[in-house]
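Counting from 1, position 91 in the sequence shown corresponds to residue 868 in the working numbering; the numbering is continuous, with no gaps. Yeah, the Cβ is synthetic: ideal placement off N, Cα and C, and Gly gets one too. Predicted model only: the values in this text are computed from it and were never measured.
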Amino acid sequence: MRTTVRGLFVAEGSSDHPLAGIAELLFRDRGVDLRLTMPPFEQLRGVPKDVESRVEAGLRLMGNQVDLVVVHRDADNVGRAVRHEEIAGALRKTDAPVWCPIIPVRMTEAWLLLDEVLIRQIAGNPRGKAALGLPKIQEVEKVADPKELLRSALISAAESTGRRRDRDAKRFNQQRRQLLERLDRHGPVSKLSSWQQLLADVDAVAT
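Here it is, written out as structure tokens:
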């Protein structure tokens, strides 16, 4: 792949946009200057949420001047293999060039449950001692609802009460985004199978 690459990023939602920055860093680690564009699909009328429709819309917006398409989809309950084939099937129906999947297991939130120190910092109570109920590395990809567990951990970490607790609970989307923006790609997440698969997928495209 050439040194400078123009890419299209398609995620499940706008809160997942920080994954584009992570993808750019992973490619940069391999000597590829990837520049991802994230079209505001939520603001575009008539663009369905499925991968095929969003990729087609993104390609049109970029005048088909795209070298790489990066697609994010959580594995959820169907598993990585099924999700990968779902993405591949959708892209076969488009004019997408080379592509790279980002498929967290089971959800992106699982990647955010491994850094207790950062969770306490984002919750605004870095010296807190409350138990957060975080899973061990070998268990995190088996958690049934990592999003709800992350929400609970952030509330517990804040150790707030009354109206402040209610306000803290409403900050989840913002806090989740901050955690994703500050995800340490060399930290505990690097031991997860879904992350290692992401690195393999990046390697396959970058080399």
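Only residues of its own chain outside the window of five on either side were considered, and among them Val-828, Val-848, Arg-850, Pro-878 have a CB closer than 7 angstroms to the CB of Ile-864, listed in chain order. In the three-state reduction of the DSSP assignment, Arg-807 falls in the coil class, being assigned neither a helical nor a strand state. Gly-798 carries a helical assignment under DSSP once its states are collapsed to helix, strand and coil. Distance from the CA of Glu-819 to the CA of Ala-788, rounded to the nearest whole angstrom, comes to 11 angstroms. In the three-state reduction of the DSSP assignment, Thr-780 falls in the coil class, being assigned neither a helical nor a strand state. Excluding sequence positions up to five before and after Pro-912, its CB lies within less than 7 angstroms of the CB of Leu-890, Val-920, all in the same chain and listed in chain order. The residue from Asp-892, Asp-844, Leu-811, Ser-933 with its alpha-carbon nearest to that of Pro-874 is Asp-844.
Partner residues in a beta bridge of Pro-874, as assigned by DSSP, do not exist.
Looking at the DSSP output, Leu-785 sits in a beta bridge with Thr-814, Val-846. Taking one beta carbon from each stretch, the segment 895-913 and the segment 933-940 have 3 or more pairs nearer than 8 angstroms; the two touch.
Rounded to whole angstroms, the gap between the alpha carbons of Ser-967 and Gln-973 is 6 angstroms. Spanning the alpha carbons of Gly-784 and Ala-800 requires a straight line of approximately 10 angstroms. Just so you know, the alpha carbons of Asp-892 and Pro-923 end up roughly 14 angstroms apart.
Among the bridge pairs identified by DSSP, Ile-879 is matched with His-849. Gly-790 sits exposed, since fewer than 16 C-beta atoms from the chains shown fall within 10 Å of its C-beta.
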